[in-house]
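Engineer: Dropping the structure in here first, questions after.
Below is the structure:
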């Protein structure tokens, strides 16, 4: 079996082919455009009709490449950057370059045959794009609100204290009226400009949330029925999962989300530590759901309490991680159910 590892970049892609033992068979660097991708496919034909492609998980620069490969019938797997870095560090080759990284990617795919396979899922891609756009706008609005509050405190501390939330239309209208009555100054004009920007961003965020709601509600009713899963979180989960069928089991999905426990014991009582790998976006979604369920969902509190009884020396954070791992099973079943 031949595996072709690709180190993708904005302007070029470097590919290295290896055999089943990890021995380098050849390498090719092409431009990241349609002609370059065509040359890459032509170069790969020398290794047979069915090489396995492994691409470093950088979807900002590798999305077009992966879609093109899948469109031609190729099998493609995503290789996490940390896994690639570990393979590069364990190799005898010194230094860092695109060919060295591509070789490490190919060897990582050989070492981990159960990596999730990439596939075309336009629905998940659309939801991820909308979710990312919403998060970007929310961050911009938060930054503008922070700037506005400093101006309000300087103009009149009472204005800041009487408007604890600035994301609602009523509060924005009231504050605009109050600022307009103040004497003209550069600081007042800047505050009005920031308030106008916050109002515009809020309208755009609301429109994006409406689009997400329209797309997600008919797509994932079982997922939305889980306590703590809002429309925004459901869209994020579907978009980042990019097809639940890529994962053979809840355990594989837990590894992808970074909730699978990591053992840290030897000849002793089993202990596990925090898993800092996996998809951090999905991990954040699970954390928010877990926190919400601990407040509003009695079965979640019961699960945490029972787990703590069986692990009397465990910390509160360890119990929360156990609940997140339990939630992965629930979300995996919900996503699978929504496919039928």
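In UniProt numbering, the protein residues as written are 1 to 340. Cβ atoms here follow ideal geometry from the backbone N, Cα and C, with glycine treated the same way. All of these numbers come straight from a predicted model, not from anything done at the bench.
Which residues bound the beta strand (DSSP E) around residue 8?
Structural biologist: Locating residue 8 in the chain shown gives position 8, counting from the first residue. Where residue 8 is concerned, the enclosing beta strand (DSSP E) stretches over 3-8.
Engineer: Which term fits residue 220, buried or exposed, when burial requires 16 or more other beta carbons within 10 angstroms of its beta carbon?
Structural biologist: Residue 220 sits at position 220 when you count from the first residue of the chain shown. The residue is buried, with at least 16 neighbouring Cβ atoms inside 10 Å.
Engineer: Rounded to whole angstroms, what's the CA-CA distance from residue 203 to residue 224? Just pull it up for me.
Structural biologist: The sequence position of residue 203 within the chain shown is 203, counting from 1. The sequence position of residue 224 within the chain shown is 224, counting from 1. Straight-line Cα distance between these residues: approximately 24 Å.
Engineer: Under a three-way DSSP split, which group does residue 165 fall into?
Structural biologist: What you label residue 165 is simply residue 165 of the chain shown in a count that begins at 1. Here residue 165 sits in coil by DSSP.
Engineer: So what's residue 53 in DSSP terms, helix, strand or just coil?
Structural biologist: Start at 1 with the first residue of the chain shown, and residue 53 comes out as number 53. In this structure, residue 53 counts as strand in the three-state DSSP scheme.
Engineer: Name the DSSP beta bridge partners of residue 273, please?
Structural biologist: Taking the first residue of the chain shown as 1, we reach residue 273 at position 273. In DSSP, residue 273 forms a bridge with 262.
Engineer: Count the other CB atoms, across all protein chains shown, that sit within 10 Å of the CB of residue 207; report buried if there are 16 or more and exposed otherwise.
Structural biologist: As a first step, residue 207 is located in the chain shown; it is residue number 207 there, counting from the start. Label assigned to residue 207: exposed.
Engineer: Can you check whether the CB of residue 6 is closer than 8 Å to the CB of residue 61?
Structural biologist: On the chain shown, position 61 is the one that residue 61 refers to. On the chain shown, position 6 is the one that residue 6 refers to. It is not a contact, given that the beta carbons lie outside the stated cut-off.
Engineer: Tell me which same chain residues have a C-beta within less than 8 Å of the C-beta of residue 22, skipping the five on either side of it?
Structural biologist: Within the chain shown, numbered from 1, the residue matching residue 22 stands at position 22. Cβ within range, chain order: 106, 107, 110.
Engineer: With distances taken from CA atoms, which of 253, 228, 248, 249 is nearest residue 240?
Structural biologist: Your numbering for residue 240 matches position 240 in the chain shown. It is 253.
Engineer: Take residue 199 and list the residues in its own chain whose beta-carbon comes closer than 6 Å to its own, dropping the five residues that flank it on each side.
Structural biologist: Residue 199 sits at position 199 when you count from the first residue of the chain shown. The answer, listed in chain order, is 172.
Engineer: How far does the alpha helix (DSSP H) with residue 227 in it reach, from first residue to last?
Structural biologist: Your numbering for residue 227 matches position 227 in the chain shown. Per DSSP, residue 227 belongs to no alpha helix (DSSP H) and is neither H nor E.
Engineer: When the Cα atoms are used, what is the spatial distance from residue 45 to residue 216?
Structural biologist: Counting from 1 along the chain shown, the entry for residue 45 is found at position 45. Counting from 1 along the chain shown, the entry for residue 216 is found at position 216. Looking at the two C-alpha atoms, the distance is approximately 41 Å.
Engineer: Could you spell out where the beta strand (DSSP E) holding residue 14 opens and where it closes?
Structural biologist: As a working mapping, residue 14 is identified with position 14 in the chain shown. It spans 12-18 - the beta strand (DSSP E) in which residue 14 sits, taken as one unbroken run.
Engineer: Please list, in chain order, all residues of the same chain as residue 324 whose beta carbon is under 6 Å from its beta carbon, the five residues on each side excluded.
Structural biologist: Mapped onto the chain shown, residue 324 falls at position 324. Around residue 324: 259, 286, 290.
Engineer: Going by other Cβ atoms of all chains shown within 10 Å of its Cβ, with 16 needed for buried, is residue 228 buried or exposed?
Structural biologist: Position 228 of the chain shown, counted from the start, is the residue given in the question as residue 228. Label assigned to residue 228: buried.
Engineer: Contact defined as beta carbons within less than 8 Å: I believe residue 72 pairs with residue 52. What is the distance between those atoms, to the nearest angstrom?
Structural biologist: Here residue 72 corresponds to residue number 72 of the chain shown, with the count starting at 1. Here residue 52 corresponds to residue number 52 of the chain shown, with the count starting at 1. Between residue 52 and residue 72 the Cβ distance is about 14 Å, and since that is not below 8 Å, they are no contact.
Engineer: I'd like to confirm something about residue 202: is its beta-carbon nearer than 7 Å to some heavy atom of the ligand MG, or not?
Structural biologist: For the structure depicted, the ligand MG is absent and the ligand set is empty, with no information on it obtainable.
Engineer: Take the Cβ of residue 57 as the centre, count every other Cβ of all protein chains shown within 10 Å, and call the residue buried at 16 or more, exposed below.
Structural biologist: Taking the first residue of the chain shown as position 1, residue 57 is located at position 57. Buried, because 16 or more other Cβ atoms sit within 10 Å of the Cβ of residue 57.
Engineer: Could you have a look at residue 28 and say whether DSSP puts it in helix, strand or coil?
Structural biologist: The residue you call residue 28 lines up with position 28 of the chain shown. The answer is strand: DSSP assigns residue 28 an E or B state.
Engineer: Per DSSP, what are the beta-bridge partners of residue 75 in this structure?
Structural biologist: Start at 1 with the first residue of the chain shown, and residue 75 comes out as number 75. In the DSSP output, where bridge partners are listed per residue, residue 75 has 52.
Engineer: Please list the terminal residues of the continuous alpha helix (DSSP H) segment that includes residue 310.
Structural biologist: Against the chain shown, residue 310 aligns to sequence position 310. 298-310 is the span of the alpha helix (DSSP H), which, as asked, contains residue 310.
Engineer: When you compare each of 275, 9, 117 to residue 243 by their alpha carbons, which one comes out closest?
Structural biologist: Sequence index remark: in the chain shown, residue 243 carries index 243 (1-based). Answer by Cα proximity: 117.
Engineer: What three-state label does DSSP hand residue 214 in the structure shown?
Structural biologist: In the chain shown, counting from the first residue as 1, residue 214 sits at position 214. Looking at residue 214 - three-state DSSP - the assignment turns out to be helix.
Engineer: Considering Cα atoms alone, identify which of 120, 9, 322 is closest to residue 261.
Structural biologist: Taking the chain shown and counting its residues from 1, one reaches residue 261 at position 261. Considering only alpha carbons, the answer is 322.
Engineer: Spell out a yes or no on whether the stretch 9-29 and the stretch 94-104 are touching, meaning 3 or more CB-CB pairs, one atom from each, closer than 8 Å.
Structural biologist: Result yes; three or more Cβ-Cβ pairs closer than 8 Å.
Engineer: Look at the alpha carbon of residue 281 and the alpha carbon of residue 138, and state the distance between them as a whole number of angstroms.
Structural biologist: Residue mapping note: residue 281 aligns to position 281 of the chain shown, counting from 1. Residue mapping note: residue 138 aligns to position 138 of the chain shown, counting from 1. Each residue's Cα considered, the two are about 16 Å apart.
Engineer: Below 8 Å between beta carbons: does that hold for residue 86 and residue 148?
Structural biologist: In the chain shown, residue 86 corresponds to position 86, counting from 1. In the chain shown, residue 148 corresponds to position 148, counting from 1. Going by C-beta atoms, residue 86 is not nearer than 8 Å to residue 148.
Engineer: Would DSSP call residue 245 helix, strand or coil?
Structural biologist: Here residue 245 corresponds to residue number 245 of the chain shown, with the count starting at 1. Here residue 245 sits in helix by DSSP.
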